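Shown next, in structure tokens, is the structure this report addresses.
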Amino acid sequence: MAAIFFMASFINNYEETFFLAKDFEDKGFFYKVLGEFRKVLSDYAFIRADEYYHSGLTIQNRLNEKEDLFHESEEAHGESAKKMDYAKNPFPKGNILAFISEEVALSEHMHLHGGEEKELLPWLYYSVKLDPNNINAYVIGSDWLNTRLNKTNEAIDFLKLGLTENPDSWQIYEELGRISFFKEKNFNMSLSYFQKALALQNQDNADIFERGEVLSFVAASYEKLGDKEKATQYYKEKRELFPDNPAVQKKVEMLEAETEL
Amino acid sequence: MENYIEISKLSVNYASGKNHFTALSEINLNVKRGEIFGFLGPNGAGKTTTIKTILGMIPEYRGNVRILKHDPRSASARQRIGYMPEIANYYWYLTPNELMKMYGRIFGISSKELPEKINHVLDLVGLNESKNRLMKIFSKGMMQKVSFAQSLLNDPELLILDEPTTGLDPIARLKMRNVIKSLKNMGKTIFFSSHELSEVEMICDEIAIIKKGKIITSGRPDKLLSEKKEKETLESYFINLIEGRER
Amino acid sequence: MKQIFAIAINCLKELWRKKDIYTFLVLFFILFIFLISENFFGIRDISRYTKDIGFTIALLFSLIIAVTFSVKQIPSEVEFKTIYALLAKPLTRFQLIIGKFLGSFFTSSSAFSALFALFAIFVYIKGEGVAPILLAQSYILGLCLMSVLCSVSTLLSLFFTTSGAATLSFIIYFGITWFSDMLRNTLLDSGGITKILGLIFYYLIPHYEFYDIKIRLVHSWEPLPTTIFLLIIVYSLVYTYTLLFLSYLGIKRRVF
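As they're listed, the protein sequences go chains A, B and C.
Residues in the first sequence are numbered consecutively from 1, following my numbering.
Residues in the second sequence are numbered consecutively from 1001, following my numbering.
Residues in the third sequence are numbered consecutively from 2001, following my numbering.
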């Protein structure tokens, strides 16, 4: 079974993506040894990071949470809906083994905080080591470094590392833009990043919500730089995507009013 | 004289799926206290099955078997028995000293007495110098000596030896025979199977010959041979008996 | 009892003289050095993944030793014909089974203890540490796990080849550890004869998930309630003894 599992990763892909890949010599240790199987391990490391954020609880542990099903807390962040499908009544009393099993398993819901978020960094680090094309790992890792651990420089370095392997990743450019915008307050830099992200987005790699978000950031950057005309232009572009969104409409009207003044 | 081994109408069947094989068919055998008893037979005759039954390794059989007045299947019956297996294989990662200690503890020999007993039996077989060497480097002959030594550890009243001289050089065989004779002089009873008929002729008080699960003859070797008109060796008597029955 | 311990100590000697254990210890040591020396974004004192991987590896190595040692105890005695010298001694077959089991248990437990000690030392060096009660609970539950593993492997070795028994043992361990939740939930959803058969199966399988408190250990959750902890120990003892008794029944009438 193990042999089949490994072979499934290699067959058909091995020659074309492995030995004939561009810059094969420059590829890292994991790429050379594990081939396509490294992506499976990278995803596993990413899932572990998520578990670590929830203090070791797997998705199953969280869905077995014994609290009131209808209690929507900040901690539960949307998993209550799934919980309604999965929640089980306890095993009938008298089934001692099931009772022990339920008592051993953890079934609470909590997040790391207060600097403990550093604990999930190794898994994100190994996730990108195993699969340098795991963009989510770069983005989430840098977000943790920047927002929770105050390691802004490390976050930027991490994202730039991601860019070397994924030069067409709009998500990484967007994240760089966020750091420049919110943390460094360098709006020229943020504008540059957000525009790059916008240019890289297309119908295949971004949905309208993601496009709208980047448009908002471009517009906000222009606004911060004092260029209200450009800001209005981009907010209008977003309005075309979300014509019923009152917040965007209000923003456009406000900027147009300021421009007239 | 009391019998140390009493076997009466012993039958052993091996079952494998739908196939049944009769290894022993109503054999009768008595071994008196203090005698050396030789158990002979061609390969596959039932010698090993008989020995295994005596040692309680065959849990199901028909007939009556008594070893030192005990049922052979009870552990207490084996307290006063020493056994030397046909194939001398022991744990390569142990030294002879450690092996004897392990067996000594199984026999319940006290930790005070054990070192002396170990030294005695290893000295008897000429292994005292090698007693702290791992057995993985031992030759076949040395392993045979270890095998004999462990059979004597509990100072047994009944000694069961399965092909004791296999793998030994002529000098070692001579020593083994002398040890067996000296054990008899000490009052021990020895039951052994062997293909070395010249040795059996030299030392045994009684013999039994088994073929295809049945005892075909038993008695004193000199008496069995004296019944023949021409002077025969035990070997030629054995061959004639086995082949003669086949004609 | 002397007979049983004489056989058990023999197994321990085999472990330490065969030197396989040293390979595991060295590998573990190297791995741990690697784990604690990794630097992630210049942040110090990241310790949970060290605890996680370290404890997993310690348990995995011990599991491998427990299974591979147990499955060959009786079969290798038969294969190399050393069983005849043993059975010719005043030793019952039940004592033989218990002695062999204890030997495997001592072997795997000593390996687990050595690896666990290394793990505990490294964890305390690294900084975060672990609550002593959690450490004690995970160690004792680890020993209980070795006990159940050895008894399952011993029983399987009497009816399958050595490699077959080892494979089955590993499949049972990983299958139950990964799918126990699913099995429990499936039982809740089922009814009628399916539920009855399911419950019988549920009671027959070894509940390896009881011993899995790695999450508590790594993420410093509260320890197991004392009642549950004691119930698990009792379960381990009862289950182990039952399997050993079944093993004895398996060889009681066997002709070697």
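The beta-carbon is built from N, C-alpha and C at its ideal position, and this holds for glycine as well.
Source: prediction; values computed, not measured.
C-alpha gap between residue i and residue j, whole angstroms
{"i": "Leu241 of chain A", "j": "Ile208 of chain A", "result": "7 Å"}
{"i": "Ala199 of chain A", "j": "Leu261 of chain A", "result": "32 Å"}
{"i": "Glu117 of chain A", "j": "Arg148 of chain A", "result": "7 Å"}
{"i": "Met2146 of chain C", "j": "Ser142 of chain A", "result": "42 Å"}
{"i": "Leu2230 of chain C", "j": "Gln2137 of chain C", "result": "10 Å"}
{"i": "Asp50 of chain A", "j": "Leu120 of chain A", "result": "8 Å"}
{"i": "Lys2013 of chain C", "j": "Leu2135 of chain C", "result": "28 Å"}
{"i": "Thr2050 of chain C", "j": "Leu2183 of chain C", "result": "31 Å"}
{"i": "Leu2027 of chain C", "j": "His1070 of chain B", "result": "54 Å"}
{"i": "Asn1132 of chain B", "j": "Val33 of chain A", "result": "47 Å"}
{"i": "Thr2107 of chain C", "j": "Phe1021 of chain B", "result": "41 Å"}
Selected residue, minimal CA-CA separation from residue i, among the options
{"i": "Leu2199 of chain C", "options": "C:Ser2180, C:Phe2101 and C:Thr2226", "result": "C:Ser2180"}
{"i": "Arg1073 of chain B", "options": "C:Ser2109, C:Pro2090, C:Gly2054 and C:Lys2195", "result": "C:Pro2090"}
{"i": "Trp1092 of chain B", "options": "C:Gly2142, C:Leu2015, C:Leu2168 and C:Ile2021", "result": "C:Leu2015"}
{"i": "Ile1160 of chain B", "options": "B:His1020, B:Lys1175, B:Ala1015 and B:Leu1068", "result": "B:Leu1068"}
{"i": "Gly1141 of chain B", "options": "B:Asn1154, B:Glu1129, B:Gly1167 and B:Val1121", "result": "B:Gly1167"}
{"i": "Gly1219 of chain B", "options": "B:Ile1051, B:Glu1201 and B:Pro1042", "result": "B:Glu1201"}
{"i": "Tyr1004 of chain B", "options": "B:Gly1044, B:Ile1054 and B:His1020", "result": "B:Ile1054"}
{"i": "Glu103 of chain A", "options": "C:Ile2251, C:Pro2225 and C:Arg2093", "result": "C:Pro2225"}
{"i": "Ala155 of chain A", "options": "A:Glu165, A:Ser169, A:Lys183 and A:Asn205", "result": "A:Lys183"}
{"i": "Ile1027 of chain B", "options": "B:Leu1122, B:Ser1236, B:Leu1158 and B:Ala1045", "result": "B:Ala1045"}
{"i": "Arg211 of chain A", "options": "A:Tyr222, A:Val128 and A:Lys196", "result": "A:Lys196"}
{"i": "Leu191 of chain A", "options": "A:Tyr44, A:Ile47, A:Ala257 and A:Val218", "result": "A:Val218"}
{"i": "Val2218 of chain C", "options": "C:Ala2088, C:Tyr2124, C:Phe2080 and C:Thr2161", "result": "C:Tyr2124"}
{"i": "Val943 of chain B", "options": "B:Met1143, B:Cys1204, B:Asp1169 and B:Thr1049", "result": "Look at the range of chain B in this structure, 1001 to 1247, and you will see that residue 943 of chain B is not part of it."}
{"i": "Leu2087 of chain C", "options": "B:Val1065, B:Met1135, B:Gly1056 and B:Arg1080", "result": "B:Gly1056"}
{"i": "Leu225 of chain A", "options": "A:Gln201, A:Asp244, A:Phe181 and A:Glu36", "result": "A:Phe181"}
Partner residues on chain C for residue i, Cβ-Cβ distance less than 9 Å
{"i": "Gln1144 of chain B", "result": "Near Gln1144 of chain B there are no residues of chain C at all, since even the closest Cβ is about 13 Å away, more than 9 Å."}
{"i": "Glu1060 of chain B", "result": "Arg2253 and Val2255"}
Burial state of residue i (16 or more Cβ within 10 Å)
{"i": "Pro1085 of chain B", "result": "buried"}
{"i": "Tyr52 of chain A", "result": "buried"}
{"i": "Glu1098 of chain B", "result": "buried"}
{"i": "Arg2044 of chain C", "result": "exposed"}
{"i": "Lys185 of chain A", "result": "exposed"}
{"i": "Ser1076 of chain B", "result": "exposed"}
{"i": "Gly1187 of chain B", "result": "exposed"}
{"i": "Trp123 of chain A", "result": "buried"}
{"i": "Pro1221 of chain B", "result": "buried"}
{"i": "Gln2003 of chain C", "result": "buried"}
7 Å Cβ cutoff, residue i in contact with chain C
{"i": "Asn1089 of chain B", "result": "yes"}
{"i": "Leu1168 of chain B", "result": "no"}
{"i": "Leu191 of chain A", "result": "no"}
{"i": "Ser42 of chain A", "result": "no"}
{"i": "Ile156 of chain A", "result": "no"}
{"i": "Pro1085 of chain B", "result": "yes"}
{"i": "Glu103 of chain A", "result": "yes"}
{"i": "Ala1075 of chain B", "result": "yes"}
{"i": "Tyr1004 of chain B", "result": "no"}
Chain-ordered neighbours of residue i on chain B, where CB pairs are closer than 8 Å
{"i": "Ala2131 of chain C", "result": "Per Cβ cutoff of 8 Å: no residues; Ala2131 of chain C is ~40 Å from chain B at best."}
{"i": "Leu2087 of chain C", "result": "Leu1055, Gly1056 and Met1057"}
Test: residue i CB closer than 7 Å to a CB of chain A
{"i": "Glu2222 of chain C", "result": "no"}
{"i": "Ile2064 of chain C", "result": "no"}
{"i": "Phe2201 of chain C", "result": "no"}
{"i": "Arg2093 of chain C", "result": "no"}
{"i": "Phe2210 of chain C", "result": "yes"}
{"i": "Leu2231 of chain C", "result": "yes"}
{"i": "Phe2049 of chain C", "result": "This sequence places Tyr at residue 2049 of chain C; Phe is not what is there. For Tyr2049 of chain C, the answer is yes, since a Cβ of chain A falls inside 7 Å of its Cβ."}
Beta-carbon neighbours of residue i, restricted to chain C and to distances below 7 Å
{"i": "Gly1108 of chain B", "result": "Lys2002"}
{"i": "Lys118 of chain A", "result": "Ile2043 and Ile2046"}
Any C-beta of chain B under 7 Å from that of residue i
{"i": "Arg2216 of chain C", "result": "no"}
{"i": "Phe2080 of chain C", "result": "yes"}
{"i": "Asn2010 of chain C", "result": "yes"}
{"i": "Tyr2022 of chain C", "result": "no"}
Residue i: contacting residues in chain B (beta-carbon distance under 9 Å)
{"i": "Pro2259 of chain C", "result": "Here chain C comprises residues numbered 2001 to 2256, so residue 2259 of chain C is not present and cannot be evaluated."}
{"i": "Glu2014 of chain C", "result": "Tyr1091, Tyr1093 and Leu1094"}
Within chain A, partners of residue i - CB distance below 8 Å
{"i": "Ser2180 of chain C", "result": "Ser101"}
Cross-chain neighbours of residue i in chain C, by beta carbon under 8 Å
{"i": "Met1102 of chain B", "result": "Ala2006, Ile2007, Ile2009 and Asn2010"}
{"i": "Ile1081 of chain B", "result": "Ala2088"}
Contacts that residue i makes with chain B (C-beta to C-beta distance below 7 Å)
{"i": "Arg2017 of chain C", "result": "Tyr1093"}
Within chain A, the residues that residue i reaches when beta carbons sit closer than 7 Å
{"i": "Phe2101 of chain C", "result": "Going along chain A, no residue has its Cβ under 7 Å from Phe2101 of chain C, so there is no contact; the nearest lies around 23 Å."}
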